[in-house]
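The sequence shown begins at 93 in the working numbering and counts up by one. For every residue, glycine included, the Cβ atom is placed at its ideal position computed from N, Cα and C. All values reported here derive from a predicted model rather than from experimental measurement. First the structure, in the form of structure tokens, and then the observations on it.
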Amino acid sequence: MIKLRELDLLLTYACSGRCAHCCYRAGPGRRETMSLAEVESYLEAVADQPLEWILLFGGEPFLCPDLLRASVALAAPLARVLVFTNGCWATDPDTARQRLAGLQAAGLDYILFSVDGFHQAHVVLERVAIGIEAARELGYSTIEIDNRCLGEPDSDNFFNRRTRDDMARLAELCDLSGVNLAQGPARMVGRAADQLSPFLARQTAPPAECPLPGYLGGDLRAPTGVEIHPGGWVNLCAGLALGNARERPLAEILADYDPDGHPIIRVLAQEGPAGLLRLAQRHGYSLPGGYVDGCHLCYQVRRFLRPHYPDHLAPAHPYSEGVPMTVLQLEEGIIYGPVYSRRLGRSLGVNLLPTGRKLCSFDCIYCHYGRTDVKTLSPEQGDLPSVDQVLDAVEEALRTHPDVDCLTFSGNGEPTLHPQFPTIAAGVRCLRDELRPSLKLVILSNAATVHLPHIRQALTFFDAPIMKLDAGDPRTFAAINRPAPTVKLACIVEGLKEIPGVITQTALVEGEVSNARGEPFDAWLAALAAIKPAQVQIYSTDRPVPEAGVEKVVPSTLKRIAREIEKRTGLPVAAYWA
93 MIKLRELDLL LTYACSGRCA HCCYRAGPGR RETMSLAEVE SYLEAVADQP
143 LEWILLFGGE PFLCPDLLRA SVALAAPLAR VLVFTNGCWA TDPDTARQRL
193 AGLQAAGLDY ILFSVDGFHQ AHVVLERVAI GIEAARELGY STIEIDNRCL
243 GEPDSDNFFN RRTRDDMARL AELCDLSGVN LAQGPARMVG RAADQLSPFL
293 ARQTAPPAEC PLPGYLGGDL RAPTGVEIHP GGWVNLCAGL ALGNARERPL
343 AEILADYDPD GHPIIRVLAQ EGPAGLLRLA QRHGYSLPGG YVDGCHLCYQ
393 VRRFLRPHYP DHLAPAHPYS EGVPMTVLQL EEGIIYGPVY SRRLGRSLGV
443 NLLPTGRKLC SFDCIYCHYG RTDVKTLSPE QGDLPSVDQV LDAVEEALRT
493 HPDVDCLTFS GNGEPTLHPQ FPTIAAGVRC LRDELRPSLK LVILSNAATV
543 HLPHIRQALT FFDAPIMKLD AGDPRTFAAI NRPAPTVKLA CIVEGLKEIP
593 GVITQTALVE GEVSNARGEP FDAWLAALAA IKPAQVQIYS TDRPVPEAGV
643 EKVVPSTLKR IAREIEKRTG LPVAAYWA
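Laid out in structure tokens, this is it:
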């Protein structure tokens, strides 16, 4: 049985930003939100609990103003209420006072503003200052600022330096006297595991114990807090489910809590993260390159185990960015197709990546496979096919598909991320030369790894190394390709210069961001001129994409752009469209 001192209600996954450290992968594309009836039922279920705190957060709860105000009014008689916010709604003093006065009238006297290098990538600092001043004028008893840090607060890195700069500037924008300051490391869970863990040192020996976060009681056997997500999932840590309150009454879930009856919590309580790692290894998992801390290890292992324990490792949001159902399904198996295209003819695809998730170092706004769950240059070997599995599959395909024009490495993400990519490339080249010497070997790559000499060497085994280059300047590169933090455009351009016979491919897009005109187009042409590829291939999206605001470049414009490239660079160009 769980005796609650704290109840955390994640009112919505919707948010004005998409912070790199977010455990819940909240963002502008999320729409999942609790109903007021659900909030009311949850609070009724815990009315007899020894509650001290009720936290209302998201996402950004101020994006649901009516729900937030009503939730405060329902929660205030039961415990002290705390609302977390990024302050994006404080567009001017009058608006800020009006919003906060309504919450104050409902019973709120404690508000926390998130301020750090992660949030301020999305929220104008002046709005936070306006919100703080409004709360002060209204007489809120507690105003707090929370800094999430990369590593410890005193660690010297880009994110923490930006946080310190933002705090200094905030002190110039508003009066911070009497404002509480909380600081702590970002947990390597959710989006942070993908985007931030590469910046931190790794360990290899699993920790002996799993310390539950202090705000949940610190003890897996006797937790004192839970968080409830939109959709009804009742969690300890993000993605570690006790049940679903839409399927079972919340009071029953709390009363029936038995750590030894939960297949994941039992292992964590008895054996710690090392035991959970052993459980995953029995399912074929291998630990890639260590982990940052116990939370990071636990999360990575849980993500791998989720298909085996879907009702205990839920909801999906902490593990996956989420993909609209209109995007294409991931490829199943190592060999897929044949696929016909104007560019490659009849092609058999080779997928070196997982079949259940996309694995890439980019999160391109136009990718027809949807959002990238794991944006990294350091993939996990656990669910990747082995060298022998790939070579066996390729050999069978070469013997049974005599009518294809090429064998194309592509699949569910970036093929060069496979740790054994050079060995696989060499082996496939030998099989091709022996069994089908006229077959063309092709690779479609995002080029993020071409700065590595062993990758460039492996690319020489391909007849057509087709490498992505969607931008010539860092700003457009970040906006369109949304790379992992350590991927640098300058390194890609320098690496492409060193690949014999390289072919560049570019997805030209219009809409909220464009690489088909203006300064971004000119910078891209300059990069092409420096690389001097054997051919420039251009195309535009003709399939559903995961992002709103992405528009295709029509065929007539593609033809015009092709002529302009040839005129300004002298490079051969091929344009493709549906």
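Buried/exposed call for residue i, threshold 16 Cβ in 10 Å
{"i": "PRO612", "result": "buried"}
{"i": "ALA608", "result": "buried"}
{"i": "GLY250", "result": "Sequence inspection shows Phe at residue 250; the Gly mentioned does not correspond to that position. Burial call: exposed."}
{"i": "LEU420", "result": "Model confidence at LEU420 stands at a pLDDT of 47, short of 50, so the residue's coordinates are unreliable; what they give is reported in the following sentence. Exposed, by the Cβ-count rule."}
{"i": "ALA197", "result": "exposed"}
{"i": "TYR411", "result": "buried"}
{"i": "LEU344", "result": "One point to set straight first is that residue 344 is Glu, not Leu, in the sequence displayed. By the 10 Å Cβ count, GLU344 comes out exposed."}
{"i": "VAL496", "result": "buried"}
{"i": "LEU589", "result": "The question names Leu, yet the displayed sequence has Lys at residue 589. Flag for LYS589 reads exposed."}
{"i": "GLN481", "result": "exposed"}
{"i": "LYS624", "result": "exposed"}
{"i": "TYR432", "result": "exposed"}
{"i": "ASP100", "result": "buried"}
{"i": "GLU488", "result": "exposed"}
{"i": "ASN573", "result": "buried"}
{"i": "VAL628", "result": "buried"}
{"i": "GLN190", "result": "exposed"}
{"i": "ILE653", "result": "buried"}
{"i": "HIS400", "result": "exposed"}
{"i": "VAL359", "result": "buried"}
{"i": "GLY310", "result": "exposed"}
{"i": "GLY425", "result": "exposed"}
{"i": "GLY564", "result": "buried"}
{"i": "LEU102", "result": "buried"}
Cβ-heavy atom distance, residue i to the ligand ZN, below 8 Å
{"i": "HIS113", "result": "Looking for the ligand ZN in the displayed structure turns up nothing, as the structure carries no ligands at all."}
Bridge-paired residues (DSSP) for residue i
{"i": "MET559", "result": "SER537, THR596"}
{"i": "PRO277", "result": "CYS241"}
{"i": "LYS651", "result": "DSSP lists no partner for LYS651."}
{"i": "TRP325", "result": "ASN336"}
{"i": "GLU236", "result": "LEU204, ASN272"}
{"i": "PHE694", "result": "What the structure shows of the chain is the stretch from 93 to 670, and residue 694 is not part of that stretch, so it cannot be assessed."}
{"i": "CYS266", "result": "Partner(s): none; CYS266 has no beta bridge."}
{"i": "ALA667", "result": "ILE630"}
{"i": "LEU174", "result": "LEU147"}
{"i": "TYR383", "result": "GLN295"}
{"i": "ILE320", "result": "LEU101, VAL326"}
{"i": "CYS452", "result": "LYS467"}
{"i": "GLY223", "result": "Partner(s): none; GLY223 has no beta bridge."}
{"i": "SER433", "result": "GLY437"}
Neighbourhood of residue i by C-beta, 7 Å cutoff - its chain only, sequence neighbours within 5 removed
{"i": "THR661", "result": "LEU617, LEU620, ALA621"}
{"i": "THR675", "result": "No information on residue 675 is available, as it lies outside the stretch 93 to 670 that the chain covers here."}
{"i": "ARG294", "result": "GLY381, GLY382, TYR383, VAL384"}
{"i": "HIS404", "result": "ALA333, HIS354, PRO355, ILE356"}
{"i": "THR578", "result": "PRO290, LEU469"}
Close Cβ partners of residue i (< 6 Å) along its chain, the five nearest in sequence each way excluded
{"i": "LEU676", "result": "Since the first residue shown for the chain is 93 and the last is 670, residue 676 is missing from the structure and cannot be characterised."}
{"i": "ARG110", "result": "GLY119"}
{"i": "ARG122", "result": "TYR105, ALA106"}
{"i": "VAL131", "result": "SER163"}
{"i": "GLU658", "result": "VAL665"}
{"i": "VAL479", "result": "GLN512, THR515, ILE516"}
{"i": "VAL173", "result": "ILE146, VAL164, ALA167, LEU200"}
{"i": "LEU581", "result": "PRO566, PHE569"}
{"i": "SER537", "result": "THR508, MET559"}
{"i": "ARG117", "result": "GLY282, ARG283, HIS409, GLU413"}
Whole-Å CB distance - residue i paired with residue j, under 8 Å assumed
{"i": "PRO494", "j": "PHE501", "result": "Incorrect: roughly 20 Å between the Cβ atoms, too far for contact."}
{"i": "GLY223", "j": "CYS114", "result": "That belief does not hold up - the Cβ atoms of GLY223 and CYS114 are roughly 20 Å apart, past 8 Å."}
{"i": "PRO245", "j": "GLN275", "result": "4 Å"}
{"i": "LEU389", "j": "PRO365", "result": "5 Å"}
{"i": "ALA576", "j": "GLN287", "result": "7 Å"}
{"i": "VAL318", "j": "LEU262", "result": "In fact, because the Cβ distance is near 33 Å, the residues do not count as touching under 8 Å."}
{"i": "ALA137", "j": "PRO341", "result": "6 Å"}
{"i": "ARG434", "j": "TYR668", "result": "5 Å"}
Interface flag, residue i vs chain C, CB-CB below 9 Å
{"i": "LEU273", "result": "Looking at the structure shown, chain C is missing, and only one protein chain is on hand."}
Contacts around residue i, its chain only, beta-carbon distance under 8 Å, and the 5 residues preceding and following it disregarded
{"i": "PHE513", "result": "LEU444, PRO507, ILE547, ALA550"}
{"i": "PHE553", "result": "ALA517, ALA518, VAL520, ARG521, LEU533"}
{"i": "TYR349", "result": "MET93, ILE94, PRO315, LEU334"}
{"i": "MET185", "result": "Strictly speaking, residue 185 in this sequence is Pro, with Met absent from that position. Excluding sequence neighbours, PRO185 sits near ILE222, GLU225, ALA226."}
{"i": "LEU369", "result": "PRO298, TYR377, LEU379, LEU389, VAL393"}
* To do: Take every Cβ of the segment 259 to 274, pair it with every Cβ of the segment 312 to 332, and state whether three or more of those distances are shorter than 8 Å.
  => no
* To do: Examine the Cβ distances between the segment 385 to 404 and the segment 453 to 460 and report whether three or more of them are shorter than 8 Å.
  => no
* Asked: Okay, do the segment 556 to 566 and the segment 509 to 520 touch, 3+ Cβ pairs below 8 Å being the bar?
  -> no
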